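Numbering (this note's numbering), first residue to last: 3 to 102.
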């Protein structure tokens, strides 16, 4: 018999979504309230290449995308509570072997 940890897979997925969503949400908030595009550092005048409207649209997208990832993380965490910790199944023979 082999034991497969099922709940851990959902928790791992949740942790990945929390990490990515937290990073994106922070970056979105940073860009909305403090940040500016790198193009402003090299342009002859600020907001010459990218308008503030375009930048705020991009920052809003980052924030919404990060919030969606955080929502998926919460959902995966809740869903993991319904799963069994482990599942046992009979050990299967591999379909092919490299060194036969």
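We treat Cβ as the ideally placed atom computed from N, Cα and C, and that holds for glycine. As the structure is a prediction and not an experimental result, all values here were calculated from the model.
- Message: On the criterion of 16 or more Cβ atoms from any shown chain inside 10 Å, does residue 68 qualify as buried, or is it exposed?
- Response: The residue is buried, with at least 16 neighbouring Cβ atoms inside 10 Å.
- Message: Can you tell me whether residue 79 is helix, strand or coil according to DSSP?
- Response: helix
- Item | Span separating the alpha-carbon of residue 93 from that of residue 6 | 11 Å
- Apply the 10 Å Cβ neighbour rule to residue 65 and answer buried if 16 or more other Cβ atoms are within range, or exposed otherwise. buried
- Query: So residue 13 is in the alpha helix (DSSP H); what residue range does that whole segment cover?
  - Reply: For residue 13, the enclosing alpha helix (DSSP H) covers residues 8-35.
- So does the segment 50-57 actually touch the segment 28-41, counting three or more Cβ pairs closer than 8 Å? yes
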